[in-house]
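Q: I'd like to ask some things about the structure below.
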Amino acid sequence: EARGTSCDQRLEHIVGTERARILRVPFRGASGEIVPHWISRFEIWPYLERFAVDAEKELLAELGGRPDLVIGNYSDGNLVATLLAQRLRVTQCNIAHALEKAKYLYSDLYWRENDPHYHFGCQFTADLIAMNAADFIITSTYQEIAGREDVVGQYESYMAFTMPGLYRVVNGIDVFDPKFNIVSPGADPHVYFPYTEGERRLRGLHGEIEAMVWGRPGEESRGQLAERDKPLLFSMARLDRIKNLAGLVEWYARSERLRATANLLIVAGHVDPARCADREEREQAERIHALMDEHGLDREVRWIGAQLDRNFAGELYRWIADRRGAFVQPALFEAFGLTVVEAMTSGLPTFATRYGGPLEIIEHGVSGFHIDPNHGDEAAALMADFLERCARDPAHWLRLSEGAMRRVQERYTWARYAERMMTLSRIYGFWKYVTNLERDETRRYLEMFYALQYRPLARAVAGGG
């Protein structure tokens, strides 16, 4: 079911790199048959143990030996990295990307009620195993580890909690452990660069961009913008509850000032709810449709259901900057905020949630603005204030745009990230070698926890292998 993509290719070279490749290993069911279809991240747990065994064989065959480092990403990837690192006896690095426990309120206390849809029992158990097994952990921000005075950190939320009827956690993770490191990601400078760099611009894409933005409603689009002279408020994300794009549509719908000063452009999910991948995406799509119907937004909101090519997305950011628009990231929580960095490096003034990474990325009033997704009326008023001031004083938009580009260039680049990652790999690889005996007790406990808790939970997930 590749559907025009390359996801059915076993080995694929990554364009623009010298030695990086994607090695794809399929999931297999209970009787060994390949699973041909896409699986939601919430339903993936029963397949991971067998996948780790299959991936080990493929890796050893492809590399001709053991790798030096295994890096996991997200809860499922980190669990697989744990299994691989244990079997291969190599250094393990975890990158959470996002820990769902901090995103879904009371998800531990009400895990049983949520289990049919989210399987938090599996996920939180996998998180505990992987974060304690890792030799080192990379986070994007300090908040990801320990939060703030008024907000618990993602890792901090695993220190002590209870899942009634399953288990109680005491000292689940030590957030002061030196295995934690803050290394912020960046935006690819070959793809995301300032709108002012005219000689690098992909102007050949402008016709396609204009057709997408100004076009008529279609199978995967809704709304047709009537007033093209208005600046665009732009948002792009997955269509799920946490990303809160339906919330952004509601803020816009209820703000007469915002509707008078800007159009809203959203790129997310599928416009047709029947094509949505899971229940949560379908609910959000239906909510956006209901809001557009209720408030008559079809001449002011353009909703595109698409996954954009990176180069196209980069030029779209810059095209919107040409028209003095802004980027909005309205999430209820955002672990880091890579789209925030991409928009800022392109020169777009950015409004982003104050819950999570954007609070550290953006300097409020200098390189963008923090918004509270729990107070949509205030967020809408802040955006309207900015756009109205820019209409009176165009230099104000330029000041924020320049501040955004400067902030990213100083702090968020992939070159710095890669250099730091390689340094940490060498340090923790040596540390693993000299302290290996001291970790045997922890390793044995985690193996027991995996066998007694994770494995039965994974088997209970419907459709498991």
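Each residue of the sequence shown is one higher than the last, beginning at 8 in the numbering used here. Where is the CB? At the ideal position from N, CA and C, for every residue including glycine. Owing to the predicted nature of the structure, the values given are computational and were not obtained by experimental measurement.
With a 10 Å radius around its C-beta and 16 neighbouring C-beta atoms as the bar for buried, classify residue 291 as buried or exposed.
A: Buried, by the Cβ-count rule.
Q: Can you tell me whether residue 377 is buried or exposed? The criterion is at least 16 other CB atoms within 10 Å of its CB, across all chains shown.
A: Flag for residue 377 reads buried.
Q: Using beta-carbon positions only, say whether residue 69 and residue 103 come within less than 8 Å of one another.
A: Not closer than 8 Å, so no.
Q: Run through the DSSP bridge pairs and tell me what residue 341 is partnered with.
A: In the DSSP output, where bridge partners are listed per residue, residue 341 has 363.
Q: Taking the beta carbon of residue 472 as the centre, do at least 16 other beta carbons fall within 10 Å, making it buried, or is it exposed?
A: Unreliable placement is indicated for residue 472, whose pLDDT of 44 sits below 50; no coordinate value is reported for it.
Q: Where does residue 208 sit, in a helix, a strand or coil, going by DSSP?
A: Three-state DSSP puts residue 208 in coil, outside helix and strand.
Q: Over the uninterrupted alpha helix (DSSP H) stretch that includes residue 243, give me the two end residues.
A: Not the alpha helix (DSSP H): residue 243 falls in the beta strand (DSSP E), residues 239-243.
Q: Kindly give me the distance between the Cβ atoms of residue 328 and residue 419, rounded to whole angstroms, as I take these residues to be in contact under 8 Å.
A: Incorrect: roughly 18 Å between the Cβ atoms, too far for contact.
Q: Beta carbon of residue 464, beta carbon of residue 14: below 8 Å?
A: Not closer than 8 Å, so no.
Q: Does residue 146 come out as helix, strand or coil in the three-state DSSP assignment?
A: Three-state DSSP puts residue 146 in a strand.
Q: Three or more C-beta pairs under 8 Å: does that hold for the region 210-225 against the region 309-329?
A: Because the criterion of three Cβ pairs below 8 Å is met, the region 210-225 and the region 309-329 touch.
Q: What first and last residue would you give for the beta strand (DSSP E) that runs through residue 298?
A: No beta strand (DSSP E) holds residue 298; the alpha helix (DSSP H) holding it covers 286-302.
Q: For residue 393, which of helix, strand or coil comes out of DSSP?
A: DSSP places residue 393 in helix when its eight states are reduced to three.
Q: Just list the alpha helix (DSSP H) runs in the region 63-108, keeping only unbroken ones of 4 residues or longer that don't cross its boundaries, in chain order.
A: Complete alpha helix (DSSP H) runs here, min 4: 81-95.
Q: Curious, which full-length beta strand (DSSP E) runs of at least 3 residues does the region 124-180 contain?
A: With a minimum length of 3 residues, the continuous beta strand (DSSP E) runs that stay inside the region 124-180 are 143-146, 167-170, 174-177.
Q: Would you call residue 170 buried or exposed, if buried means 16 or more other Cβ atoms sit within 10 Å of its Cβ?
A: So residue 170 ends up on the buried side.
Q: Please list the terminal residues of the continuous alpha helix (DSSP H) segment that includes residue 318.
A: Here the alpha helix (DSSP H) through residue 318 covers 317-329.
Q: Just list the residues that DSSP pairs residue 333 with in beta bridges.
A: DSSP, once it has assigned bridges, lists 240 as partnering residue 333.
Q: Return the CA-CA distance between residue 23 and residue 459, expressed in angstroms with no decimal places.
A: So the two alpha carbons sit approximately 44 Å from each other.
Q: For residue 87 versus residue 58, is the C-beta distance shorter than 8 Å?
A: Yes.
Q: Rounded to whole angstroms, what is the Cα-Cα separation between residue 244 and residue 49?
A: One C-alpha to the other measures close to 18 Å.
Q: By the three-class DSSP mapping on this structure, what secondary structure does residue 376 have?
A: Residue 376: strand per DSSP, three-state reduction.
Q: So, at 8 Å on beta carbons, what are the nonlocal neighbours of residue 35 in its own chain, with the 5 sequence-adjacent residues on each side left out?
A: Cβ neighbours of residue 35 beyond the five flanking positions: 41, 42, 54, 57, 58, 61, 472.
Q: In the DSSP assignment, what are the bridge partners of residue 225?
A: Its beta-bridge partners are 228.
Q: Which residue from 239, 283, 225 puts its Cα closest to that of residue 247?
A: With distances taken between Cα atoms, residue 247 lies closest to 283.
Q: Excluding the five sequence neighbours on either side, which residues of its own chain have a C-beta within less than 6 Å of the C-beta of residue 251, listed in chain order?
A: Contacts found: 337, 338, 339, 380.
Q: Can you check which of these residues, 52, 163, 100, is closest to residue 75 by C-alpha distance?
A: When each option's Cα is compared against that of residue 75, the closest is 100.
Q: Compare the beta carbon distance of residue 256 and residue 323 with 8 Å and say whether it is the shorter of the two.
A: Not a contact, by the Cβ cut-off of 8 Å.
Q: Quick check: the Cα distance between residue 200 and residue 428, rounded to an integer number of angstroms?
A: Approximately 23 Å, taken between the alpha carbons.
Q: How far does the alpha helix (DSSP H) with residue 403 in it extend, from its first residue to its last?
A: It spans 401-418 - the alpha helix (DSSP H) in which residue 403 sits, taken as one unbroken run.
Q: Is the beta carbon of residue 341 closer than 8 Å to that of residue 363?
A: Going by C-beta atoms, residue 363 is nearer than 8 Å to residue 341.
Q: Report buried or exposed for residue 108, applying the criterion of at least 16 other Cβ atoms within 10 angstroms of its Cβ.
A: The residue is buried, with at least 16 neighbouring Cβ atoms inside 10 Å.
Q: Using three-state DSSP, classify residue 369 as helix, strand or coil.
A: Three-state DSSP puts residue 369 in coil, outside helix and strand.
Q: Identify, in the order they occur along the chain, each residue of the same chain with its Cβ nearer than 6 Å to the Cβ of residue 334, setting aside the five sequence neighbours on each side.
A: Once the five neighbours on either side are set aside, the close Cβ partners of residue 334 are 241, 350, 355, 357.
Q: Using CA coordinates, which residue listed in 122, 384, 79 is at the minimum distance from residue 105?
A: Of the listed residues, the one whose Cα sits closest to residue 105 is 79.
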